[in-house]
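Undergrad:
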Amino acid sequence: MNDQRDINKLNADSVVSVRGSIIDVYFSQRLPELHSQLQAGEDGSVAMEVVAHLNSQLVRAISLKPTAGLARGSPVIDTGHPLRVPVDERLLGRMLNIFGETIDGQEQIAEGEWRSIYANPTPLYKRTTSSEILKTGIKAIDVLVPLERGGKQDYLAERVLVRRF
966 MNDQRDINKL NADSVVSVRG SIIDVYFSQR LPELHSQLQA GEDGSVAMEV VAHLNSQLVR
1026 AISLKPTAGL ARGSPVIDTG HPLRVPVDER LLGRMLNIFG ETIDGQEQIA EGEWRSIYAN
1086 PTPLYKRTTS SEILKTGIKA IDVLVPLERG GKQDYLAERV LVRRF
C-alpha cells in the first residue's frame, strides 16, 4: 500500500494513557475521524483504531497489536484513513489479516484497489436473488436437508452442534 501523503500534513501527537489494549490519545490540532487507523510507538509498530471522541482534543482507541513498549508520551500518527483491505480477484483463496497483509506465505498485495472495512453494504434493490442449492459435500445434508445459497445455514449448524456437544 503506497500512500502519497505529504508527511507535514499528517496529524500527529501523543499517548495520554494506556490501559491494556485501550489507549487515550491527545491531538492538539484536529481529531481523527471515528474508525481512523492510528500508528503509535517510536517505529509506528502499534496499530490502533479510533473508537470514541472523549472531548475536543482526546480520542479513545483500541489497539489491534500488542501494546508492549507503548507508554505515556509515545508518539502517535493519524494515517487519515480507516482500516483497509485490498479488493481484487487475486485475493480469491488467499488469507489476510485485519490490515490487508497476506498471512499465507505468498506474495503481499501492494497495488490495486483498497477499500475500507466499513464500506456500506450493497442496497437490497441491487442484490440478485437466486434459488440455488448449496452443495456442502456432506451427502446426508445434501440429500435430507438441502440448503439454499444465502439461506439460513446457521440455524442447522446451531441445532446440530448444540445437540452434539
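By this note's numbering, the letter at position 121 of the sequence shown is numbered 1086, and the numbering carries on one by one without gaps. Where is the CB? At the ideal position from N, CA and C, for every residue including glycine. This structure is a prediction, so every number in the text was calculated from the model and none was measured.
(1) Over the uninterrupted alpha helix (DSSP H) stretch that includes Leu1109, give me the two end residues.
(2) Excluding the 5 residues flanking Pro997 on each side, which residues of the same chain have their C-beta closer than 8 Å to its C-beta?
(3) Rank Val990, Arg984, Ile988 and Leu1048 by C-alpha distance to the C-alpha of Ile1082 and give the top, closest one.
(4) Which residue wins for smallest C-alpha separation from Leu1099, given the options Gly985, Leu1109 and Gly1034?
(5) Where does Glu1054 sit, in a helix, a strand or coil, going by DSSP?
(6) Who are the Cβ neighbours of Leu910 in its own chain at under 8 Å, not counting the five residues just before and after it?
(7) Nearest-angstrom Cα distance between Arg1128 and Ser1096?
(8) Have a look at Ala1036, Leu1056, Ile988 and Glu1113 and flag the residue whose alpha-carbon is nearest the alpha-carbon of Ile1068.
(9) Got a sec, what are the start and stop residues for the beta strand (DSSP E) Asp1043 sits in?
(10) Can you grab the Cα-Cα spacing for the pair Ala1026 / Ile1103, in whole Å?
(11) What are the complete beta strand (DSSP E) segments, minimum 3 residues, inside the stretch 1004 to 1041?
(12) Does the Cβ of Met1060 have 16 or more other Cβ atoms within 10 Å, making it buried, or fewer, making it exposed?
TA: Looking at the coordinates:
(1) Position 144 of the sequence shown, counting from 1, holds the residue named residue 1109. Its alpha helix (DSSP H) spans residues Lys1104 to Leu1109.
(2) As a first step, residue 997 must be located in the sequence shown, where it is residue number 32. Once the five neighbours on either side are set aside, the close Cβ partners of Pro997 are Asn976, Leu1003, Val1015, Val1024, Asp1043 and Gly1045.
(3) Counting from one through the sequence shown, the residue named residue 1082 turns up at place 117. It is Leu1048.
(4) Stepping through the sequence shown from its first residue, residue 1099 is reached at position 134. That would be Leu1109, whose Cα lies nearest to the Cα of Leu1099.
(5) Sequence index remark: in the sequence shown, residue 1054 carries index 89 (1-based). Shown here, Glu1054 sits in a helix according to DSSP, grouped into three states.
(6) Examination of residue 910 is not possible in this model, given that the chain is present from 966 through 1130 alone.
(7) Along the sequence shown, one-based indexing puts residue 1128 at 163. Along the sequence shown, one-based indexing puts residue 1096 at 131. Reliability of the predicted coordinates at Arg1128 is poor, the pLDDT of 43 falling under 50, and no value is obtained from them.
(8) The count along the sequence shown starts at 1 and reaches residue 1068 at position 103. Ile1068 has its Cα closest to that of Leu1056, out of Ala1036, Leu1056, Ile988 and Glu1113.
(9) If you number the sequence shown from 1, residue 1043 lands on position 78. Pro1040 to Pro1047 is the span of the beta strand (DSSP E), which, as asked, contains Asp1043.
(10) Translated into positions along the sequence shown, residue 1026 becomes position 61. Translated into positions along the sequence shown, residue 1103 becomes position 138. Those two C-alpha atoms are separated by around 44 Å.
(11) 1011 to 1018 and 1023 to 1028
(12) For the purposes of this step, residue 1060 is taken as the residue at position 95 of the sequence shown. Answer is exposed; the Cβ neighbour count stays below 16.
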